[in-house]
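Novice: Here it is, the structure, as structure tokens.
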């Protein structure tokens, strides 16, 4: 059974505070990209010809932001609302991959400073709720190393992280989240050379 699973290309779910992407390993680009946002109807009486959904996801939520209460299930790359994040993942499967989660192994990305409890909760949801056959959780910055052969710095929605990490007994060391304000610090490429 395990050898059969490893022959199937994995689904790749890249979680981000602003965007989530889903695709299949070996493909050049994601199949689907959506905003990591949910919208819940406010106390507005809908028109007679429309039935409001209980929850709008991604672009649908953004398009109806004037009549919805928007919620963002991730802050600084860390899941803060598991119920909402589960809805985001379900939407990625239904509208992005358009196949059931139990069909493929999954490579799931996480932020460098993701607490071990959050990683355990993600794993629990993917195995118990989505019934995936196999799961690997990887750091987002390290996933970029294969393509660029340089030291990437992950920068997304107000944060930047260097990708190297030292883990000791399940705890991340050597990382520091740096909030990027209007003027990020200059980077140095050569001695005394600011960019």
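Numbering (the numbering used here), first residue to last: 66 to 260.
In this text, a Cβ means the ideal position worked out from N, Cα and C, and glycines have one as well.
Please read all numbers here as calculations on a predicted model, not as lab measurements.
Could you check whether residue 101 and residue 137 sit closer than 8 Å to each other, using their CB atoms as the reference points?
Specialist: yes
Novice: Taking 8 Å as the cut-off, decide whether the C-beta atoms of residue 134 and residue 107 are in contact.
Specialist: yes
Novice: List in chain order: all unbroken beta strand (DSSP E) runs of 3+ residues lying wholly within the stretch 107-165.
Specialist: 133-136
Novice: Smallest Cα separation from residue 147: which of 170, 71, 185?
Specialist: 185
Novice: Nearest CA to the CA of residue 180: which residue from 140, 195, 122, 129?
Specialist: 140
Novice: My assumption, with CB atoms under 8 Å, is that residue 74 sits in contact with residue 86. Please give the rounded CB distance.
Specialist: Not really, about 16 Å apart at Cβ, beyond 8 Å.
Novice: Do residue 76 and residue 207 come within 8 Å of each other at the CB atom, strictly closer than that value?
Specialist: no
Novice: Hey, residue 70 and residue 198: beta-carbon distance below 8 Å or not?
Specialist: yes
Novice: Starting from the Cα of residue 122, find the closest Cα among 92, 160, 93, 142 and give me that residue.
Specialist: 160
Novice: In the DSSP assignment, find the unbroken alpha helix (DSSP H) run with residue 185 in it and report its ends.
Specialist: 181-189
Novice: In terms of alpha-carbon separation, which member of 128, 98, 118, 72 lies closest to residue 91?
Specialist: 72
Novice: The beta strand (DSSP E) with residue 200 in it runs from where to where?
Specialist: 200-204
Novice: Residue 99 lies in the beta strand (DSSP E); which residues open and close that run?
Specialist: 97-100
Novice: Rounded to the nearest angstrom, what separates residue 183 and residue 143 at their Cα positions?
Specialist: 8 Å
Novice: Opposite residue 76 in the DSSP bridges: which residues?
Specialist: 89, 171
Novice: State buried or exposed for residue 169, treating a residue as buried only when at least 16 other CB atoms are found within 10 Å of its CB.
Specialist: buried
Novice: When the distance is taken between beta carbons, is residue 178 closer than 8 Å to residue 202?
Specialist: no
Novice: Look at residue 103 and residue 149 and say whether their C-beta atoms are less than 8 Å apart.
Specialist: yes
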